[in-house]
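Undergrad:
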Amino acid sequence: MYMMKTTFISVLAAFFLMTTIVYSQDEEKTLLDKKVPDVQLKNTEGETVHTGSLENDGKPIIISFWATWCTPCKKELNTINDMYIDWQDETGVRLVAVSIDDERTKNRVVPYVDSKSWEYQVLLDPNGELKRAMGVNNVPHTFLIDGEGNIVYSHNNYAPGDEYELYDKILELTESSDE
Amino acid sequence: MKRKIIALCFVFSSLTWTTLLGQGSISGNLETVYQYLVSDSAINALQPDEESLINSYMNINYRNQGFKAGVRFEAYMPRILGYPDRFDGAGLGYRYFGYENDLVDITVGNFYEQFGSGLIFRAYEDRALGFDNMMNGIKVNLRPYKGVTLKTVYGRQRFSFVDGKNNYAPGIVRGVDLEFNLNEWFPKLSEKKWRITAAGSFVSKYQEDKNTQYVLPENTGSYGGRLELAYKKFFLNGEYIIKEQDPSQDNAFIYNYGKGILINAGYSQKGLGVLLSAKSIDNMSFRSDRNATLQDVTVGFIPPLTKTHTYNLVATLYPYASQPNGEVAFQADVIYKIKRGSKLGGKYGTDVSLNYSTAYEPLKRTAGISANDSTRVAYESRLFDKSDLLYWRDINVQIKRKLNKKWTLKLNYFNISMNNDVLKLTNEKGIIESHIGVLDVEYKINRKHTVRAELQGLWTVNNKDRGDWATAIVEYTISPDWFFSAIFQSNYGNPIAEDRINYPMIFVGKIWGATRLQAGYGRQNAGLFCVGGVCRFVPASNGLTVTFSHSF
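Sequence order for the protein chains is A and B.
Going by this note's numbering, 119 is the number at position 119 of the first sequence; the sequence numbering is gapless.
Going by this note's numbering, 1425 is the number at position 425 of the second sequence; the sequence numbering is gapless.
1. Going along the chain, which residues of the stretch 1267-1281 of chain B sit with their C-beta nearer than 9 Å to a C-beta in chain A?
2. What residue ranges within the stretch 1233-1305 of chain B form continuous beta strand (DSSP E) runs of no fewer than 3 residues, ordered along the chain?
3. For A/Y84, name the three-state secondary structure that DSSP assigns.
4. On the criterion of 16 or more Cβ atoms from any shown chain inside 10 Å, does B/Q1114 qualify as buried, or is it exposed?
5. Which partner residues of B/E1113 appear in the DSSP bridge assignment?
6. Could you tell me which residues DSSP puts in a beta bridge with B/I1473?
7. Is there a C-beta anywhere in chain B that falls below 8 Å from the one on A/S24?
8. Less than 6 Å between C-beta atoms, sequence neighbours within five positions excluded: which residues of the same chain meet that for B/M1058?
9. Between B/L1275 and B/D1333, which are expected to be in contact by the criterion C-beta below 8 Å, what is the C-beta distance as a whole number of angstroms?
10. Among the candidates B/I1254, B/P1480 and B/S1434, whose CA atom is the shortest distance from the CA of B/D1373?
11. Against chain B, which members of the stretch 96-108 of chain A pass a CB distance test of less than 7 Å?
12. Please determine if the stretch 84-99 of chain A and the stretch 114-134 of chain A are in contact, where contact requires at least 3 C-beta pairs separated by less than 8 Å.
13. CA-CA distance, A/S176 and A/L144?
14. Would you tell me roughly how many angstroms separate the C-alpha atoms of A/D86 and B/G1155, rounded to the nearest one?
15. Would B/Q1323 be called buried (16 or more neighbouring beta carbons within 10 Å of its own) or exposed?
16. Taking CB distances under 8 Å as the criterion, tell me whether A/Y112 reaches chain B.
17. Could you tell me how far apart the beta carbons of B/I1416 and B/D1394 are, in whole angstroms, since I believe they sit closer than 8 Å?
18. Going along the chain, which residues of its own chain have a beta-carbon closer than 6 Å to the beta-carbon of B/D1385, five neighbours each way excluded?
19. Mind reading off the beta-carbon distance from B/Q1269 to B/K1307? Whole number of angstroms is fine, and I expect it under 8 Å.
20. Should B/N1219 and B/Y1206 be called a contact, given that it needs their Cβ atoms to be closer than 8 Å?
21. To the nearest angstrom, report how far apart B/Y1503 and B/A1486 are at their CA atoms.
22. Which residues, in chain order, does the stretch 67-100 of chain A contribute to contact with chain B at a C-beta distance below 7 Å?
23. Throw me the rounded Cβ distance for the B/L1517 and B/G1509 pair, which I believe falls under 8 Å.
24. Kindly indicate which three-state DSSP category B/L1178 falls into: helix, strand or coil?
25. Examine chain B for any beta-carbon lying closer than 8 Å to the beta-carbon of A/S115, and answer yes or no.
26. Are B/V1203 and B/F1330 touching if we call contact CB-CB under 8 Å?
27. Less than 8 Å between the beta carbons of B/V1140 and B/I1106, yes or no?
28. What residues from chain A crowd round B/D1555, counting only those whose CB sits closer than 8 Å?
29. Looking only at DSSP bridge pairs, what is B/S1041 linked to?
30. Give the C-beta separation of B/L1434 and B/L1455 to the nearest angstrom, bearing in mind that I take them to be a contact with Cβ-Cβ under 8 Å.
31. With a threshold of 8 Å between beta-carbons, can B/I1241 be considered close to chain A, or not?
32. Apply the 10 Å Cβ neighbour rule to A/W69 and answer buried if 16 or more other Cβ atoms are within range, or exposed otherwise.
33. Closest Cβ-Cβ distance between B/I1511 and chain A: below 8 Å?
34. Against B/Q1114, what residues of chain D qualify as contacts under a CB-to-CB distance less than 7 Å, listed in chain order?
35. At what residues does the alpha helix (DSSP H) containing A/P37 begin and finish?
36. What is the DSSP secondary structure of A/D114, reduced to helix, strand or coil?
Spelled out as structure tokens, the structure:
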């Protein structure tokens, strides 16, 4: 037990030391430039989806963590849903809604999504695997992924109007890739 | 010796890390809750000796292609008010190494996992509740063939975190779960719009028998299966689990088998969603320590079949918690959108949701059974065989309508009956029935500024328990980074005049992308804080609470 702890501490120490070295060596690529971690989740059809290979033909992807019991989450996703057609026409963006509902409310996800006619890809994360891997503290938490799969923006909260800020960020991405 | 190891590790890892780091990535988060509390005689709140309290967590995950590793530092100096008393000190609460490719996924150290609905096995974390029954051991998941997933777990569960160190439960938990996705084998199913998944699980725990009174089974097995069917827009899923003899503190050391079943059926289309659920549980408390109580070291998870309410008075005063010793419960849920443009629906359409949930005592037949004979089988029971004793009933309706570009209105009504002899939330006897109404109004001033207000009233039938309550909330948000809110709660109808207490609080928060800082000041009502059917009692308090969270 004690051995394990010392090993861990030394590994960590090395880790942080090396982090600084790497930072100084390579300014372009840093450790915190990150991609979506690869976790296997099921979609609402019961199929396994590798989150690491989510892609959208070089166009941006929004990953939004939500739950059926989270009022601001539903407000955010319903608001975006009303504008989704325009957003897709203008930027080609795709939204992946990751539900963190556990067994208590997981079965509500499909009826809710269908009744609201969401056009999003919906993934189920009932035991918080992707939530943990992406460092999400609480929902709603929205990530924006650029065409190369890099996480370029994230926002934890939803207040009416936040969708405009998100859309501005998407436009920044698509406009810079057009140049 | 130890130093040599450290040095070796250091050199080795330095070399490895330098070459690897360029490609890997780090992610994680940080969360801190700080409280400064004062004494308040009206609510019997005393200032703690330390005056201020803090809980802090930092998760760091590293991934590089298939390799993964992570740690979580935790600090309770001391723990915040109402947090379970098994947490103190600072240290490493969670660490793991792992490797993953298309075939295998191996984790050594601490891990979380769930089999099926979790009824047989669920290791998870709910930090807000102080719930964390993570495993310490090894997990190997295999995908040997298309459509086949094999999960295996072996380890001991975290019981407490004392002086900055994890303590694990005495029992060892071993489990295996095998799942088949039949659509991967028979593509015709998908063509015909069918989806079928079948799975089976086995979980066993070992705990040494130190009891002098009984001969206890040291190994207790639990097994069962589940099936998920879907055809077009219909779905039906269910799981049935049997648990072998497991005498414990929870079931008063009886030798009955336990059983539990969960069934869900649903249908959905544009504008309509319907969900029906049923559950029958008997003697299903399953922990990796037979003497454990409260929320400690649970192996299985029994989801309550009730809607998760979010409005303050509905969520905190009379919530329901699953009864592992036995309950028979049903739930129906309907979500409907009245079409836009219709007379009833208005310009934008109107959302209506209805929910009904109920739970009863299961019937335990004792005819012909002598409770004190050597078998110690205390009763006989059958699935869905219920008595007339009500544990819980909740009928609620919500209507939401956007009136125009500026105004959105929500009306809610709840009728909740809760058997306090079973749930024991307060000292009141019998069933407490309450009517709750909530009016929720949102006004958009412009693109970025929004005001929202809630008016809530709770009235108990015959003025039982603490009588009538009201809550008013005003919230002002400036997108994307500020929020302000004020909440005023009053127990104005308490039958005892001096307990008619008011609880005012104010909150302010600032958000920078993935970073969030929030401060709240005022008097907070005592209440049950529940997530996913697990609850923690938080005593009344008066003071300042600051929450900081950051993701990276």
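Even glycine gets a Cβ: it sits at the ideal position worked out from N, Cα and C.
TA: According to the data block:
1. If the cut-off is 9 Å between Cβ atoms, the stretch 1267-1281 of chain B has Y1267, S1268, Q1269, K1270, G1271, L1272, G1273, V1274, L1275 and S1277 near chain A.
2. As far as the stretch 1233-1305 of chain B is concerned, its whole beta strand (DSSP E) runs of at least 3 residues are 1234-1243, 1258-1269 and 1272-1282.
3. Counting from one through the first sequence, the residue named residue 84 of chain A turns up at place 84. The answer is helix: DSSP assigns A/Y84 an H, G or I state.
4. Translated into positions along the second sequence, residue 1114 of chain B becomes position 114. Classification of B/Q1114: buried, given that the 10 Å Cβ count is 16 or more.
5. In the second sequence, residue 1113 of chain B corresponds to position 113, counting from 1. Its beta-bridge partners are B/A1123.
6. For the purposes of this step, residue 1473 of chain B is taken as the residue at position 473 of the second sequence. Answer by DSSP bridge pairing, in chain order: B/E1454 and B/I1487.
7. Within the first sequence, the letter at position 24 stands for residue 24 of chain A. A caution first: A/S24 carries a pLDDT of 43, below 50, which makes its placement in the model unreliable, though a value can still be read off. Cβ-Cβ to chain B under 8 Å: no for A/S24.
8. Working through the second sequence from its first residue, we reach residue 1058 of chain B at position 58. Contacts found: L1030 and F1073.
9. Mapped onto the second sequence, residue 1275 of chain B falls at position 275. Mapped onto the second sequence, residue 1333 of chain B falls at position 333. Their Cβ separation, rounded to whole angstroms, is 4 Å, which keeps B/L1275 and B/D1333 in contact under 8 Å.
10. Here residue 1373 of chain B is taken as the residue at index 373 of the second sequence, counted from 1. Checked all of B/I1254, B/P1480 and B/S1434; the closest Cα to B/D1373 is B/I1254.
11. Correct list: D102, E103, R104, T105, N107 and R108.
12. Counting Cβ pairs under 8 Å, three or more are found: they touch.
13. Reading the first sequence from its first residue, position 176 is the one you call residue 176 of chain A. Reading the first sequence from its first residue, position 144 is the one you call residue 144 of chain A. So the alpha carbons of these two residues sit roughly 15 Å apart.
14. The count along the first sequence starts at 1 and reaches residue 86 of chain A at position 86. The count along the second sequence starts at 1 and reaches residue 1155 of chain B at position 155. One alpha carbon belongs to A/D86, the other to B/G1155, and they sit about 51 Å apart.
15. To locate residue 1323 of chain B, count along the second sequence from 1; it is residue 323. That one is buried.
16. Position 112 of the first sequence, counting from 1, holds the residue named residue 112 of chain A. Yes - at least one Cβ of chain B is within 8 Å of the one on A/Y112.
17. As a working note, residue 1416 of chain B is residue 416 in the second sequence. As a working note, residue 1394 of chain B is residue 394 in the second sequence. Contact between B/I1416 and B/D1394 holds, since their C-beta atoms are separated by about 5 Å, short of 8 Å.
18. The residue you call residue 1385 of chain B lines up with position 385 of the second sequence. L1363.
19. Position 269 of the second sequence, counting from 1, holds the residue named residue 1269 of chain B. Position 307 of the second sequence, counting from 1, holds the residue named residue 1307 of chain B. Contact doesn't hold; Cβ gap of about 21 Å is too wide.
20. Counted from its first residue, the second sequence places residue 1219 of chain B at position 219. Counted from its first residue, the second sequence places residue 1206 of chain B at position 206. Taking C-beta atoms as the reference points, B/N1219 and B/Y1206 count as a pair closer than 8 Å.
21. Residue mapping note: residue 1503 of chain B aligns to position 503 of the second sequence, counting from 1. Residue mapping note: residue 1486 of chain B aligns to position 486 of the second sequence, counting from 1. Near 11 Å, if we compare the C-alpha coordinates of B/A1486 and B/Y1503.
22. Of all residues in the stretch 67-100 of chain A, only W69 and T71 place a beta-carbon less than 7 Å from a beta-carbon of chain B.
23. Here residue 1517 of chain B corresponds to residue number 517 of the second sequence, with the count starting at 1. Here residue 1509 of chain B corresponds to residue number 509 of the second sequence, with the count starting at 1. Yes, B/L1517 and B/G1509 are in contact; Cβ-Cβ is about 7 Å, under 8 Å.
24. Position 178 of the second sequence, counted from the start, is the residue given in the question as residue 1178 of chain B. In this structure, DSSP gives B/L1178 an extended state, which the three-state scheme calls strand.
25. Your numbering for residue 115 of chain A matches position 115 in the first sequence. It does: the Cβ of A/S115 has a partner Cβ on chain B nearer than 8 Å.
26. Numbered from 1 along the second sequence, position 203 holds the residue referred to as residue 1203 of chain B. Numbered from 1 along the second sequence, position 330 holds the residue referred to as residue 1330 of chain B. The answer is no: Cβ separation not under 8 Å.
27. Counted from its first residue, the second sequence places residue 1140 of chain B at position 140. Counted from its first residue, the second sequence places residue 1106 of chain B at position 106. A contact, by the Cβ cut-off of 8 Å.
28. Since the first and last residues shown for chain B are 1001 and 1552, residue 1555 of chain B lies out of range.
29. Counting from 1 along the second sequence, the entry for residue 1041 of chain B is found at position 41. According to DSSP, B/S1041 shares a beta bridge with no other residue.
30. For this step, residue 1434 of chain B is matched to residue 434 along the second sequence. For this step, residue 1455 of chain B is matched to residue 455 along the second sequence. Sequence check: residue 1434 of chain B is Ser here, not Leu. Between B/L1455 and B/S1434 the Cβ distance is about 16 Å, and since that is not below 8 Å, they are no contact.
31. The residue labelled residue 1241 of chain B in the question sits at position 241 within the second sequence. No, B/I1241 does not count as interfacial toward chain A.
32. In the first sequence, the residue the question calls residue 69 of chain A occupies position 69. Taking all protein chains shown into account, A/W69 has 16 or more neighbouring C-beta atoms within 10 Å of its C-beta and is therefore buried.
33. Numbered from its first residue, the second sequence carries residue 1511 of chain B at position 511. Yes - at least one Cβ of chain A is within 8 Å of the one on B/I1511.
34. Included in the structure are the protein chains A and B, with no chain D among them.
35. Here residue 37 of chain A is taken as the residue at index 37 of the first sequence, counted from 1. Secondary structure note for A/P37: it is in no alpha helix (DSSP H), with a DSSP letter that is neither H nor E.
36. The residue given as residue 114 of chain A occupies position 114 in the first sequence. The DSSP-derived three-state label of A/D114 is helix.
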